[in-house]
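There are 2 protein chains.
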Amino acid sequence: MSVQTASPRQCHSTPHVNCADCRLASICLPISLQIDDIEKLDDIVQRGRPVQRGDRIYHAGENFHAVFALRSGAVKTVCVTHDGQEQITGFYLPGEIFGMDGLASNNHTNSAIVLETSAICEIPFARLEELSSQVPSLQRRFFQLMSKEIAQEQQLITLLSKNSADERIASLLLSISTRNHNRGLSAREFHLTMSRSDIGNYLGLTIETVSRVLSRLHKQGVIALDKKHVIINDLDALKSVASIPTDAVK
Amino acid sequence: MSVQTASPRQCHSTPHVNCADCRLASICLPISLQIDDIEKLDDIVQRGRPVQRGDRIYHAGENFHAVFALRSGAVKTVCVTHDGQEQITGFYLPGEIFGMDGLASNNHTNSAIVLETSAICEIPFARLEELSSQVPSLQRRFFQLMSKEIAQEQQLITLLSKNSADERIASLLLSISTRNHNRGLSAREFHLTMSRSDIGNYLGLTIETVSRVLSRLHKQGVIALDKKHVIINDLDALKSVASIPTDAVK
DNA sequence: CGGCGCCTTGACTTGCATCAAAAGTAGTGG
DNA sequence: CCACTACTTTTGATGCAAGTCAAGGCGCCG
Chain A
211 MSVQTASPRQ CHSTPHVNCA DCRLASICLP ISLQIDDIEK LDDIVQRGRP
261 VQRGDRIYHA GENFHAVFAL RSGAVKTVCV THDGQEQITG FYLPGEIFGM
311 DGLASNNHTN SAIVLETSAI CEIPFARLEE LSSQVPSLQR RFFQLMSKEI
361 AQEQQLITLL SKNSADERIA SLLLSISTRN HNRGLSAREF HLTMSRSDIG
411 NYLGLTIETV SRVLSRLHKQ GVIALDKKHV IINDLDALKS VASIPTDAVK
Chain B
211 MSVQTASPRQ CHSTPHVNCA DCRLASICLP ISLQIDDIEK LDDIVQRGRP
261 VQRGDRIYHA GENFHAVFAL RSGAVKTVCV THDGQEQITG FYLPGEIFGM
311 DGLASNNHTN SAIVLETSAI CEIPFARLEE LSSQVPSLQR RFFQLMSKEI
361 AQEQQLITLL SKNSADERIA SLLLSISTRN HNRGLSAREF HLTMSRSDIG
411 NYLGLTIETV SRVLSRLHKQ GVIALDKKHV IINDLDALKS VASIPTDAVK
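Order-wise, the sequence lines are chains A and B. Position one of the first sequence corresponds to residue 211 (our numbering), numbered consecutively onward. Position one of the second sequence corresponds to residue 211 (our numbering), numbered consecutively onward.
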């Protein structure tokens with residue numbers, strides 16, 4: 211089970227870094243908090259051991275007691291239908307929060323599965339809730355996070371409902387690119403941590419279609435593709451495949 | 211513009227009913243609040259004039275300042291893509307809360323459009339937020355509402371990603387039926403307030419497909435259908451079309 | 001009555017799924 | 001280091017569910 215991936219430990223994945231010093235603070239939960247409020251938040255955040263590919267952070271059906279912030283690595287959330295099929299509902303990158311499903315019913319509706327060696331902060335919800343009452347900007351921030359989650363899912367709904375296979379895949383690549391960029395990484399070049407099968411599941415496509423579309427984009431020179439390593443050669447062309455105006459900031 | 215539908219004014223749409231007396235209290239925002247907390251909530255709720263089919267409660271891009279509870283009638287929320295297409299992201303029935311998009315960015319990402327003569331409660335968010343800090347059970351309730359919204363959207367994502375036209379439409383009928391039932395109305399017989407085109411838009415199908423599937427269900431005797439009036443003749447058969455186990459509660 | 005939306009139905013087309021097989025990649029153990 | 005197994009990805013051939021195009025019906029309103 212100890213699948214050590216090539217992903218090296220990075221400075222921000224060391225357990226002792228606190229929220230104030232974390233280089234992801236500008237995009238994570240602490241946004242817009244005062245320094246002493248960050249310290250209060252810091253007190254309730256639990257930083258765990260690195261987790262490995264395939265590990266589950268929580269299971270669907272499990273009691274909900276915490277939300278999670280991803281420090282490094284990547285995570286997917288999946289929910290299971292009546293007939294046992296899995297649907298991936300989101301991919302999470304460093305600085306992003308997951309696990310807010312399950313708040314409604316006190317039980318997680320999704321499972322969270324680790325895609326590559328990751329470092330994760332656990333934030334016990336009871337204490338977060340309590341602190342939110344005392345720190346209005348934290349309460350607001352948390353409302354915003356949930357609202358952002360809703361907005362993103364609506365984007366996905368639109369993608370699934372209205373867009374072709376090409377558009378869906380181009381959109382996903384652009385989304386990852388943008389999120390990488392916001393974390394201060396390259397928008398042009400990145401590693402697809404998820405398998406073709408994960409991508410297909412997420413976008414409502416078969417793995418064959420995913421493979422074909424990626425090959426075509428490669429042949430057309432829009433992207434360069436080596437296994438899971440992606441380079442966006444022509445950003446405007448990719449946006450045009452995604453039917454996104456080239457001037458859209460997104 | 212004044213499209214007066216056949217829908218009669220009902221007792222719970224009269225503006226003077228307060229939260230404590232509203233017959234939707236058991237499924238609306240006040241759930242699990244103490245009686246004096248309901249009164250505090252009641253103080254900030256604004257009950258407006260009835261609105262008509264086609265009216266917009268808020269526009270995409272508009273400043274976010276309130277969430278809304280539907281007292282009677284029906285509402286759809288839509289968001290607009292880059293290329294000007296509309297995507298319906300939800301249908302709302304009495305007792306349900308909408309307008310929580312826009313919390314993230316302080317601007318609504320959706321528009322809310324009235325489907326039939328409706329009565330709506332407006333809840334200014336600033337005051338709700340403030341009250342939430344003082345009343346932990348309200349804060350919790352509001353977190354839950356947003357989380358429920360997330361869970362429902364994930365259901366829709368799964369539906370769009372994995373299910374056939376028949377399954378999508380049967381699922382929608384069952385969802386409306388269940389929600390009616392929870393409001394104390396008939397689960398067997400109801401009025402489809404939305405047009406075929408709305409249904410198609412919501413479910414990622416063309417209006418022709420919607421029409422064909424409904425006709426087929428009618429011919430098979432699973433439902434009776436007269437214009438917008440629906441009677442579910444064989445609930446188990448409908449669940450089976452939706453690929454939902456017949457013993458599933460929801 | 002005639003015009004305008006909304007809905008239904010039929011004939012045809014197509015994008016993606018399905019089926020099938022081969023090629024590439026990784027992990028394991030001799 | 002290579003052979004072996006298992007898994008993932010690619011590529012090709014074929015089929016079908018749902019989209020598109022087109023025509024006609026029904027109800028509503030001026």
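Virtual Cβ for every residue (Gly too), placed ideally from N, Cα, C. As the structure is a prediction and not an experimental result, all values here were calculated from the model.
If distances are taken between C-alpha atoms only, which option among B:I409, B:L395, B:D293 comes closest to B:L325? B:I409
Scan the segment 287-364 of chain B and note each continuous beta strand (DSSP E) run of 3 residues or more that stays entirely inside, going in chain order. 296-302, 321-334
Rounded separation between B:E541 and B:V255 - CA only: The structure shown has nothing for residue 541 of chain B, since chain B only spans 211 to 460.
When you compare the CB of B:Q364 with every CB in chain A, is at least one pair closer than 8 Å? yes
Helix, strand or coil at A:D466 [DSSP, three-state]: An answer regarding residue 466 of chain A cannot be provided, because it is not within the stretch 211 to 460 covered by chain A.
Using a C-beta to C-beta distance shorter than 8 Å, which residues of chain B count as neighbours of A:C289? Q364, T368
For the 8 Å Cβ check, are there 3 or more pairs between the segment 342-356 of chain B and the segment 240-248 of chain B? yes
Closer than 8 Å by C-beta to B:N421: which residues in its own chain qualify, once you throw out the five before and the five after it? Chain order, please. Just to set this straight, residue 421 of chain B is Ser in the shown sequence, not Asn. Around B:S421: R406.
Are the beta-carbon atoms belonging to B:E359 and A:I360 less than 8 Å from one another? yes
Is the number of C-beta pairs between the segment 274-293 of chain A and the segment 316-332 of chain A that are closer than 8 Å three or more? yes
Where are the beta strand (DSSP E) runs, 3 residues long or more, that stay fully inside the segment 370-449 of chain A, in chain order? With a minimum length of 3 residues, the continuous beta strand (DSSP E) runs that stay inside the segment 370-449 of chain A are 399-401, 433-436, 439-442.
Coarse secondary structure for A:V459, derived from DSSP in three states: With a pLDDT of only 45 at A:V459, under 50, the local geometry of the prediction cannot be trusted, and no value is derived from it.
Please determine whether the Cβ atom of B:T299 lies at a distance below 7 Å from any heavy atom of the ligand PLP. In the structure on display, the ligand PLP does not appear, and there are no ligands present to speak of.
Classify A:E306 as buried or exposed, calling it buried when 16 or more other Cβ atoms lie within 10 Å of its own Cβ. buried
May I have a chain-ordered list of the beta strand (DSSP E) segments no shorter than 3 residues that lie completely inside the segment 257-291 of chain A? 266-268, 276-290
Please list, in chain order, the chain A residues whose beta carbon lies closer than 7 Å to that of B:T299. Q364, I367
Taking the beta carbon of A:K449 as the centre, do at least 16 other beta carbons fall within 10 Å, making it buried, or is it exposed? It counts as buried.
Any C-beta of chain A under 8 Å from that of B:G414: yes
Minimum C-alpha distance to A:G264 - residue among A:N273, A:R233, A:G283, A:F400: A:G283
Taking CB distances under 8 Å as the criterion, tell me whether B:A463 reaches chain A. No information on residue 463 of chain B is available, as it lies outside the stretch 211 to 460 that chain B covers here.
For B:K429, decide whether its Cβ has a neighbour in chain A, counting only Cβ atoms nearer than 8 Å. no
Exposed or buried, B:T388, counting other C-beta atoms within 10 Å across all chains shown (16 or more means buried)? exposed
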